[in-house]
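These notes concern the structure reproduced below.
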Amino acid sequence: MTLQDKATIASSIALRIATYIFLRIIPGHHLPPIVYSLFAIYVPSFISSFFSQKPYEVLEDEVEVVVTETEIEDQPPTYSSTAAHSQNIPPGQKPVHLEEEIDIAETVTLGRKSAQPWKTLLTGLPSPTSTLLSLATFLINSLLVLSAVDLIYRAKVYHPSNDLSFARLGYVSPTEASILVREPESSQLPIFVSYRLADVPASYEDPAWKSAGVISSLGNDTDYTGTVTFPLPNYPDRKYQWSTSNNHTGFFTIPPKPGKVGKQGSFTFLTSSCVKPRFPYNPTLHPLAIPGFKHMADVVKSIPGGAQFMLFLGDFIYVDVPRRFGTDVEDYRREYRQVYASPDWPLAGQNMSWIHVLDDHEIANDWDANTTGVYEAAEDPWHHYQTSVNPPKARQAGTYNQLRKDATYFEFTQGPATFFMLDTRTYRDASGDLPVNSTEKTMLGPEQLADLLHFLAKPEPKGVKWKIIASSIPFTKNWRVNALDTWSGYLHERKVILEAMWDVGLRGGVGVIVLSGDRHEFAATAFPPPVGGKWPISATVNEFSTSPLSQFYLPTPTYKQTDEEDVMVKYIPNGNSKLGAITIENTASDQSILKFRLYVDGREAWSSVLLSPPTISGKNRGKDALWG
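Take the sequence shown: its position 497, counted from the start at 1, is 497 in the working numbering, and no numbers get skipped.
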């Protein structure tokens, strides 16, 4: 095999492997340069191999050698004395010598080489006899490179979604609802937002359309977005329709009051994180298609009474995957527009309240630089598209229900649960600057930490049985890859929070769970209090880390339990779409039931049941907090 043939095969196989990884496993930004470089090697080596290969091969090579011997009399000597003597020798006795004549005949039989279609198509090496096969294998590699280019550039070039007109439901409380509207067409202004009862009206209800508000002007300063917040009647479990004058509509159900559950006898919401359009890559899908939204819609249909809201735990956009196109405000805004312009978004968002937590890919991968650098550009659309219709800001510790001004973290109570939505990116110390156990190292910053501890310590009204902490990154330290970016890199602060969580269980009546995302895998982890301490086993904290909603997953396991502090309950790494559904029941009894169901690619893959701690606490470790 010639050198150019070896180069052709090696570059072709490497190209196919790298492209497959990029298109189907992980769309890392480091892979496209590798793909382009391999293709640059493959093209000239393929051409050289194509023109240097011969279509025929030697089937048989015969060589025939014929030797003919002839006797020749020697010539008489030239000296006179000896010449006279030689003439007197009888003829039969004269000296002779032999001369040999050698004839060599070679017969070569040639045959046309085999086309070897499988070798050609699998290795990328041109066929010695079939131009069609050679073109086919070259076309395969060319299409793979074009597919990578398509995944990277098509959405940006052809679908910047500058003309996106849409409206979505934000946070809905028992007393009011918020709607976000985007409309770049000035002829649609002013935009009137209305709502009406969608259920069969009772005698005391008015089914007529009512004004929710008016958006008089929109401009580029908010990327043509605006919000409307309107009061709701005091009738939980009633279904309402909302509508905008620029032809958008949807439905929502008024949630139960704090301490109550819905008419189904339960309270259900969804959680997940991480979304990237058209991944895994499928050339037949729309460039902005998000398959996970379809799976989510199917799951919601299967839940009796549906779900109250989606608690999305970050990475709603991936500004740096597979390639960062810039660092200005428009580069970030475009990413949000493209997700909301997805043809699959209405399935997941038209009739569902979405509330959001910030994570790194809304800014930059593994972000830990506070509000410096690109943060300001990233925060602009994050606020306009997400937090403008999020729940209220968290209550400030040491005050009476005063909200923390300018906080980027949120707090609310709905039905049988109260929620604290952390911001784990804006206030953290750099992950590598201090040791993981440093008492000075913080993930949340002093104000957010104080507000979280205040949230955990405050008593809850009757019927509120669960405190739920939403963290964009895992609370467990069992994820070993890039662990410093998670709470594993901030162990002292984690311990402070864990002890405050165990204190909740010690007081009794209310349980604590952590919901997280980020890892593109699922894991359920239990954090039991230390043996012999003041906390009962019923104070055990549980975490459900669920992601992605529609993105890649790692083919190799990255989660591993190494001690008894973080106890693995379940680990499911596979699946491009993972969605958690949390249902809370039985709030009127001593112990409430929390059911967690995991859906992988639209199918239920695992479930678990938790009990809230008993009202009367103690040090008895015989009371199980977890059923699996």
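By construction, the Cβ of each residue, glycine as well, lies at the ideal position given by its N, Cα and C atoms.
Cβ-Cβ distance between residue i and residue j below 8 Å
{"i": "residue 558", "j": "residue 494", "result": "no"}
{"i": "residue 364", "j": "residue 357", "result": "no"}
{"i": "residue 402", "j": "residue 155", "result": "no"}
{"i": "residue 152", "j": "residue 33", "result": "no"}
{"i": "residue 598", "j": "residue 296", "result": "no"}
{"i": "residue 441", "j": "residue 492", "result": "yes"}
{"i": "residue 370", "j": "residue 426", "result": "yes"}
{"i": "residue 42", "j": "residue 19", "result": "no"}
{"i": "residue 316", "j": "residue 269", "result": "no"}
{"i": "residue 456", "j": "residue 397", "result": "no"}
{"i": "residue 294", "j": "residue 347", "result": "yes"}
{"i": "residue 159", "j": "residue 341", "result": "yes"}
{"i": "residue 107", "j": "residue 12", "result": "no"}
{"i": "residue 385", "j": "residue 180", "result": "yes"}
{"i": "residue 613", "j": "residue 531", "result": "no"}
{"i": "residue 534", "j": "residue 259", "result": "no"}
{"i": "residue 521", "j": "residue 549", "result": "no"}
{"i": "residue 172", "j": "residue 192", "result": "no"}
{"i": "residue 314", "j": "residue 472", "result": "yes"}
{"i": "residue 478", "j": "residue 352", "result": "no"}
{"i": "residue 496", "j": "residue 504", "result": "no"}
{"i": "residue 312", "j": "residue 584", "result": "no"}
{"i": "residue 165", "j": "residue 246", "result": "yes"}
{"i": "residue 581", "j": "residue 290", "result": "no"}
Contacts around residue i, its chain only, beta-carbon distance under 7 Å, and the 5 residues preceding and following it disregarded
{"i": "residue 1", "result": "none"}
{"i": "residue 498", "result": "527 and 541"}
{"i": "residue 198", "result": "239, 240, 241 and 251"}
{"i": "residue 64", "result": "105"}
{"i": "residue 54", "result": "128"}
{"i": "residue 450", "result": "397"}
Residues near residue i in its chain [Cβ-Cβ closer than 6 Å; skip 5 each side]
{"i": "residue 14", "result": "38"}
{"i": "residue 121", "result": "137"}
{"i": "residue 343", "result": "286"}
{"i": "residue 253", "result": "239"}
{"i": "residue 231", "result": "176"}
{"i": "residue 24", "result": "280"}
{"i": "residue 70", "result": "99"}
{"i": "residue 414", "result": "255"}
{"i": "residue 570", "result": "524 and 606"}
{"i": "residue 67", "result": "100 and 102"}
{"i": "residue 454", "result": "397"}
Cβ distance (whole Å) where residue i is taken to contact residue j below 8 Å
{"i": "residue 186", "j": "residue 283", "result": "Rounded, the Cβ-Cβ distance is 37 Å, inconsistent with contact."}
{"i": "residue 474", "j": "residue 519", "result": "6 Å"}
{"i": "residue 485", "j": "residue 366", "result": "5 Å"}
{"i": "residue 547", "j": "residue 274", "result": "4 Å"}
{"i": "residue 134", "j": "residue 142", "result": "Not confirmed; about 12 Å, so no contact."}
{"i": "residue 163", "j": "residue 184", "result": "6 Å"}
{"i": "residue 174", "j": "residue 257", "result": "5 Å"}
Bridge partner(s) assigned by DSSP for residue i
{"i": "residue 583", "result": "268 and 595"}
{"i": "residue 172", "result": "177"}
{"i": "residue 571", "result": "523"}
{"i": "residue 356", "result": "312"}
{"i": "residue 61", "result": "108"}
{"i": "residue 427", "result": "The partner list for residue 427 (beta bridge, DSSP) is empty, contrary to what the question assumes."}
{"i": "residue 414", "result": "417"}
{"i": "residue 284", "result": "According to DSSP, residue 284 bridges with nothing at all."}
{"i": "residue 516", "result": "471 and 545"}
{"i": "residue 550", "result": "275"}
{"i": "residue 195", "result": "210 and 242"}
{"i": "residue 68", "result": "101"}
{"i": "residue 167", "result": "181"}
{"i": "residue 154", "result": "Residue 154 is not bridged to any residue."}
{"i": "residue 578", "result": "600"}
Closer than 7 Å: residue i CB and nearest the ligand PLP heavy atom
{"i": "residue 4", "result": "The model on display carries no ligand, and the ligand PLP is accordingly not part of it."}
Contacting residues, own chain, Cβ-Cβ under 8 Å from residue i (five flanking each side not counted)
{"i": "residue 319", "result": "331, 332, 335, 361, 362, 363, 364 and 378"}
{"i": "residue 586", "result": "592 and 593"}
{"i": "residue 114", "result": "129"}
Within-8 Å CB hit, residue i to chain B
{"i": "residue 355", "result": "The structure shown has no chain B; it contains just one protein chain."}
- request: Mind listing, in chain order, the continuous alpha helix (DSSP H) runs of no fewer than 4 residues lying wholly within the stretch 211-266?
  value: The qualifying runs do not exist here; there are none.
Pick out the complete alpha helix (DSSP H) segments inside the stretch 92-134, 4 residues or longer, and give them in chain order. Correct list: 117-123.
Can you list, in chain order, the stretches of the alpha helix (DSSP H) that have 4 or more residues and sit fully within the stretch 8-52? Here the runs fully enclosed are 31-52.
- Please specify which runs of the alpha helix (DSSP H), each continuous and at least 4 residues long, are wholly inside the stretch 320-378, giving them in chain order. Runs found: 329-340 and 345-349.
Which parts of the stretch 434-501 are runs of the beta strand (DSSP E), unbroken and 3 residues or longer, counting only runs that do not cross its ends? Runs of the beta strand (DSSP E) inside the stretch 434-501: 466-471.
In chain order, each beta strand (DSSP E) run of at least 3 residues that lies wholly inside the stretch 374-407: The stretch 374-407 contains no whole beta strand (DSSP E) run of 3 or more residues.
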